[in-house]
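Numbering (the working numbering), first residue to last: 4 to 175.
Read through the structure below, which is laid out as structure tokens, and then see the notes.
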């Protein structure tokens, strides 16, 4: 069965549902609390880059968040967290949300995105191993889990190298 997904920017009315999606998708409240903390951080939050996905009846099922980070001194975005209600996982809702978030970022003139996530999932969106571009973290993570993406590859703007500096709520 093919699903029809409606993606859009989060509105104020969506905040409780976004929290519920993250609470349902992860084993602890850590990610839901992180979203709330990022929303309250003016240095991290970018209006229009918290995306939700709704099913054909309008029920919210997915969420993806892009917030400000830096690669070295270069402004970039961090994709995290991404969440889908467990009963709707593996249905394309997560991919629809991530694609919508990346498109929204590109449309806003953003250039770079990093993600610390599952190495079998994120390459479908164009992410590649960050270390191949000289991008790293100050904490130890599996090399294949830190990935990066240049949103405007047609303009020959290569990924910058450097250490990723996340927004304060990430605690990294």
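Note that the Cβ used here is the ideal one computed from N, Cα and C, for glycine as well.
Only a predicted model underlies this, so the values are computations on that prediction, with no experimental measurement involved.
Is residue 7 helix, strand or coil by DSSP? coil
Count the other CB atoms, across all protein chains shown, that sit within 10 Å of the CB of residue 70; report buried if there are 16 or more and exposed otherwise. buried
Would you tell me roughly how many angstroms separate the C-alpha atoms of residue 58 and residue 140, rounded to the nearest one? 36 angstroms
State the CB to CB distance for the pair residue 111 and residue 51, rounded to an integer number of angstroms; the pair is presumed to be in contact (CB under 8 angstroms). 7 angstroms
Out of 81, 23, 41, which has the shortest C-alpha to C-alpha gap to residue 166? 81
Note down, in chain order, each residue of its chain lying with its Cβ closer than 6 angstroms to the Cβ of residue 35, except the 5 sequence neighbours on either side. 22, 25, 26
Beta carbon of residue 72: closer than 7 angstroms to some heavy atom of the ligand ZN? In the structure shown, the ligand ZN is absent, as is every other ligand, since no ligand is present at all.
Is it right to say residue 117 is buried, meaning 16 or more other beta carbons lie within 10 angstroms of its own, or is it exposed? buried
Given 8 angstroms, three or more beta-carbon pairs between the segment 93-110 and the segment 124-139: yes
From 10, 146, 30, residue whose alpha carbon lies closest to that of residue 62: 10
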